[in-house]
Each structure stands twice: as C-alpha cells, then as structure tokens.
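Going from the sequence shown to our numbering is simple: count from 1 and add 9.
A virtual CB, placed ideally from N, CA and C, is assigned to each residue, including glycine.
Structure record follows, encoded as structure tokens.
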Amino acid sequence: MKKLTTLKSATLAIALAFGLSSMQVVALDSDAVADSVQNGRFSLETEFKKLDTDSNALLTQTEFSKDEFFTKGHFAKADVDKDGVLNQEEFVNYKSGAQKQAVKRVASDSVITSKAKANLLAEKKLKSLQISVKTFNGVVILSGFVDDELSKIKAETVVSKIEGVKSVKNSLEVKG
Ligand SMILES: [Ca+2]
Ligand SMILES: [Ca+2]
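Take a look at the structure:
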C-alpha cells in the first residue's frame with residue numbers, strides 16, 4: 010500500500026516537473042509582443058461582440074466609435090473590403106495590428122526617454138535633475154527649468170540627436 014502511494018506521488022512529481030519545464034520553454038521562446046497579441050485575439054472576439062450592440066455580426070461606425078482606437082480614419086483603414094461596416098475579421102486584424110503598434114511605440118518611446126535622460130545627465134552644466142523628459146510617438150517633450158537660454162538650446166540639441174527622435178518640443182523655462 011505504501012509503495013503504491015510513493016509511486017503515485019513520484020509520477021505526480023515527474024508530471025509536475027515536465028509541466029513546469031514545458032511552461033518555461035514557452036515563456037522563454039515567446040516574444041512578449043507576439044504573446045500579448047496572441048492572447049489579445051481571444052479577447053478581441055469578445056470585444057467585437059460587446060461593440061456589436063445589435064448583434065448582427067457587423068460593426069457600424071457608430072458601434073465602433075465606442076472603441077478606444079476609434080477615429081474615422083481608423084474605421085476606413087480597418088474596413089478592408091470598403092463595404093462601410095466591419096466584420097469580425099476586419100475588426101480583429103485591425104485591432105491586433107494597432108495594439109502591436111502601440112506596444113512597439115511605447116517600447117521605443119521609453120528607450121528614447123531613458124537615452125535622453127542619460128545624455129542630459131552627461132551634460133554637467135545642464136543641471137538635468139530639473140529637466141523632465143517625456144516621449145510620445147518619437148516626439149520628445151522637455152519641461153522644467155534651466156539657468157539660461159543657452160542651456161535651453163543645448164538640451165534640445167542633445168535630445169534631438171538621439172536615434173528615433175522625430176522632433177523635440179522644448180517647453181523648458183529659463184529661471185528668471
Ligand atoms: Ca452591429
Ligand atoms: Ca468591411
């Protein structure tokens with residue numbers, strides 16, 4: 010009797026070990042972005058059903074307007090067959106693409122922000138602790154205070170040289 014129990018728990022332990030290791034393999038292999046998009050697909054189908062208030066399996070512009078990504082331009086782009094409504098496939102494809110873009114954008118924006126902070130910090134004269142850096146879609150917004158007009162220009166120049174920066178909005182204020 011005792012032997013059987015031991016055997017059972019040994020099998021269980023092996024199964025657990027295998028289960029765990031295959032899970033780890035999946036976690037290591039999958040790219041975080043691809044993973045979130047994949048998971049997103051299931052919830053996008055649910056989202057589609059929620060937006061489709063009259064349940065005719067098609068989204069009109071009004072129904073789609075409840076979506077976070079909605080603009081008229083987005084609707085037109087998503088409507089691949091140009092029939093003026095979105096079927097589930099059009100919606101899921103568009104939305105997963107838009108989410109993927111958003112994930113990528115946030116990732117590259119945060120890389121730009123940290124580079125900008127590091128490069129500003131390297132400019133000793135700038136007193137960069139008083140400069141705040143934000144990046145959205147490759148556009149860097151500088152705000153806070155600098156000692157003089159020259160520092161304001163210097164900060165902008167330093168940041169605009171960073172790879173991926175589309176433009177710099179210089180909202181730095183010169184301390185009076
Ligand atoms: Ca509908
Ligand atoms: Ca369509």
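{"query": "Reduced DSSP category for V194 - H, G, I as helix; E, B as strand; rest coil", "result": "The structure shown does not extend to residue 194, since the chain spans only 10 to 185, so no value can be given for it."}
{"query": "K134 vs S160 beta-carbon contact at 8 Å", "result": "yes"}
{"query": "Buried or exposed by the 16-neighbour rule on C-beta atoms within 10 Å, applied to V142", "result": "buried"}
{"query": "As assigned by DSSP and simplified to three states, the class of N102", "result": "helix"}
{"query": "Buried or exposed by the 16-neighbour rule on C-beta atoms within 10 Å, applied to Q33", "result": "No answer about Q33 holds up, because its pLDDT of 39 lies below 50 and its placement is not dependable."}
{"query": "Neighbourhood of S176 by C-beta, 8 Å cutoff - its chain only, sequence neighbours within 5 removed", "result": "G147, V148, V149 and S169"}
{"query": "Candidates L53, E72 and T55, of which the one nearest T62 by Cα", "result": "E72"}
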